[in-house]
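The sequence shown runs contiguously to residue 426 in the numbering used here.
Even glycine gets a Cβ: it sits at the ideal position worked out from N, Cα and C.
Structure, as structure tokens:
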Amino acid sequence: MTVTIARVQALEVLDSRGRPTLTVTVGLADGTIAEAGVPSGASTGSREAVELRDGDPARFAGAGVTRAVAHVNGEINELLTAGSWDGLAAVDQAMCDLDGTPNKARLGANAIIGTSMALARALAASAGTPLYEWLPGFGQPARLPVPCFNVLNGGAHAPNPLDFQEFMVCPLGAPSMAEAVRAGAEVYQALKKRLAAGGHSTGLGDEGGFAPNLAEPEEVLELIVAAITDAGYPTGSQGVGIALDPAASEFWTAEGYRVNGRLFSSAEMIARYAEMIDRFGIWSIEDGLGEQDSEGWKRLTAELGGRIQLVGDDNFCTNPAIIAAAIDDGIANAALIKVNQIGTVTETLEAMRICHDAGYGQMVSHRSGETPDTFIADLAVATGCGQLKTGAPARGERIAKYNRLIQIAAQRPDLPYGLNR
Numbered sequence: 006m007t008v009t010i011a012r013v014q015a016l017e018v019l020d021s022r023g024r025p026t027l028t029v030t031v032g033l034a035d036g037t038i039a040e041a042g043v044p045s046g047a048s049t050g051s052r053e054a055v056e057l058r059d060g061d062p063a064r065f066a067g068a069g070v071t072r073a074v075a076h077v078n079g080e081i082n083e084l085l086t087a088g089s090w091d092g093l094a095a096v097d098q099a100m101c102d103l104d105g106t107p108n109k110a111r112l113g114a115n116a117i118i119g120t121s122m123a124l125a126r127a128l129a130a131s132a133g134t135p136l137y138e139w140l141p142g143f144g145q146p147a148r149l150p151v152p153c154f155n156v157l158n159g160g161a162h163a164p165n166p167l168d169f170q171e172f173m174v175c176p177l178g179a180p181s182m183a184e185a186v187r188a189g190a191e192v193y194q195a196l197k198k199r200l201a202a203g204g205h206s207t208g209l210g211d212e213g214g215f216a217p218n219l220a221e222p223e224e225v226l227e228l229i230v231a232a233i234t235d236a237g238y239p240t241g242s243q244g245v246g247i248a249l250d251p252a253a254s255e256f257w258t259a260e261g262y263r264v265n266g267r268l269f270s271s272a273e274m275i276a277r278y279a280e281m282i283d284r285f286g287i288w289s290i291e292d293g294l295g296e297q298d299s300e301g302w303k304r305l306t307a308e309l310g311g312r313i314q315l316v317g318d319d320n321f322c323t324n325p326a327i328i329a330a331a332i333d334d335g336i337a338n339a340a341l342i343k344v345n346q347i348g349t350v351t352e353t354l355e356a357m358r359i360c361h362d363a364g365y366g367q368m369v370s371h372r373s374g375e376t377p378d379t380f381i382a383d384l385a386v387a388t389g390c391g392q393l394k395t396g397a398p399a400r401g402e403r404i405a406k407y408n409r410l411i412q413i414a415a416q417r418p419d420l421p422y423g424l425n426r
């Protein structure tokens, strides 16, 4: 499909944390116009594509993105409007070539991914096709994903003493998308009541989960299991499962993993996770060990990979080459997928294809700094990965993705719901 682009334009706007990010608008020669909002992370892997910030302390404490905006309005616009293109992949490659660095550090991954997402949306609209039907798959039929609701926040996402970053509830046994969202919302409200009754704060972290003054992960898990029961659901695969994202790179030190003031070795962390699995029925753990701890990850996978899903994030960075090497090394059995970690839609799809071909799961994910953009909801459906995490069932930028899934389910009642297994 040949496409002619008439204009590409970016604006500096605010994300859900009140920090600057970009929106990018792409106009095609046929009059189609589409926009995309660029997400931004707080807990980031060291090998992520570079999010370009201004570094000017006089504006947003250095976090402004006017340079990235200028690159979209300047070099990227000039390149993409200079001729016709053979589809999204050709444009994505041309932007990478224009950038000229291995990690998109010159133009900024935030500039490039915003353009890539907006163009994908414009091409779908021009074709008269919903984005979830237009995005290419790789052997997995479209599927409505299990929503993984981050109901309690810690780590880099909340100002509390809890070192583990995310505690998620996942309606694995729900009969439909609408019922899955209802289950997540009801458990969330039940948890709020439990916290309030116990004298805990019900203030929210960056991703909409509660941020009480708790420090021990097991205490949090006890509350979540109770909330699931309070809401009238069974725990586990037939009801509401529990998933963790400890984000262990954030509490890794040269001496070991420091959790609530105590040091744990890799082996001790693995043993602790095994106890949590036995006690609370955990079905998925993301970033259970730090990105620096490759040997620990191999041991984690060997010991627990046959029991639960082990998701690589900081150590994978949605990078096709890194994921392929990790698969060869026997690290993890699933990958977190974040479009801005790698910087183009095409590379994101390639990372997911590599996972699919190797039998690795894929969980599409938001970031802690979000916009109301719903691109990732369509991406999760289109690729049939079966999993999407996009925060709590609270706050507009998180709810937008869940409501988009409900909308797609209403449009396509024939689509199956649930994990792709």
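Under the DSSP assignment, Lys-197 falls in the alpha helix (DSSP H) whose first and last residues are 182 to 202. For Leu-294, no beta strand (DSSP E) run applies, since DSSP gives it neither H nor E.
For Val-18, same chain residues with a beta-carbon under 8 Å away, outside a window of 5 residues either side, are Pro-25, Thr-26, Leu-27, Thr-28, Gly-42 and Thr-376 in chain order. In this structure, the straight-line span from the alpha carbon of Gln-297 to that of Gly-261 is close to 11 Å.
Straight across, the Cα-Cα distance linking Glu-352 with Ala-326 is about 10 Å. In the structure shown, Ser-121 falls within a helical segment according to DSSP collapsed to helix, strand and coil. Within the model, the alpha-carbon separation for Glu-184 versus Gln-412 is close to 13 Å. Between the alpha carbons of Lys-198 and Ala-99 lies a gap of roughly 52 Å. Taking 8 Å as the cut-off, the Cβ atoms of Ile-336 and Val-316 do not count as close. Distance from the CA atom of Asp-97 to the CA atom of Phe-285, rounded to whole angstroms, is 43 Å. By DSSP's assignment, Trp-90 forms a beta bridge with Val-8. Taking the CA atoms as reference points, Ala-220 sits about 11 Å from Pro-164.
CA-to-CA, the gap between Gly-32 and Met-122 works out to about 13 Å. In the DSSP assignment, Cys-153 is bridged to Lys-394. Remark: three or more beta-carbon pairs, one from each stretch, lie closer than 8 Å, so the region 103 to 115 and the region 56 to 74 are flagged as touching. Around the beta-carbon of Asn-218, fewer than 16 other beta-carbon atoms lie within 10 Å, marking it exposed. When C-alpha distances from Tyr-365 are compared across Leu-354, Leu-393 and Ile-332, the shortest belongs to Ile-332. Counting only residues of its own chain and dropping the five nearest sequence neighbours on each side, Arg-372 has a CB closer than 6 Å to the CB of Pro-44, Ser-45 and Gly-46. A Cβ-Cβ separation of about 6 Å places Leu-177 in contact with Val-151 under the 8 Å criterion. For Asn-324, the closest C-alpha among the options Ala-307, Cys-360 and Trp-302 is that of Cys-360.
Within the same chain, Leu-294 and Ile-336 come within 6 Å of Trp-302 by CB-CB distance, once the 5 residues on both sides are set aside.
Here the alpha carbon of Phe-65 sits roughly 46 Å from the alpha carbon of Pro-239. Leu-268 is not a Cβ neighbour of Ile-247, given a cutoff of 8 Å.
Annotation: the continuous alpha helix (DSSP H) that includes Phe-380 extends over 380 to 388. Apart from sequence neighbours up to five positions away, the residues of its chain that approach Glu-53 with a beta-carbon distance below 7 Å are Cys-322 and Gln-346, ordered along the chain. Contact between the region 408 to 424 and the region 382 to 400 is present, with at least three C-beta pairs closer than 8 Å.
Leaving aside the five residues that flank His-205 on each side, the residues in its chain whose CB is nearer than 6 Å to its CB run, in chain order, Pro-217. Distance check between Ser-51 and each of Glu-308, Asp-419, Ile-328 and Ser-254 places Ser-254 closest, using alpha-carbon atoms only. Closest in C-alpha terms to Leu-393, from the list Leu-85, Met-173, Val-13 and Gly-160, comes Met-173. With fewer than 16 neighbouring CB atoms inside 10 Å of its own CB, Met-6 falls in the exposed class. Counting C-beta atoms within 10 angstroms of its own C-beta, Gly-423 has 16 or more neighbours from the protein chains shown and is therefore classed as buried. Looking at the DSSP output, Leu-249 bridges to Phe-172 and Ile-290. Counted as a single uninterrupted DSSP element, the stretch harbouring Tyr-137 is not any beta strand (DSSP E) but the alpha helix (DSSP H) occupying residues 136 to 139.
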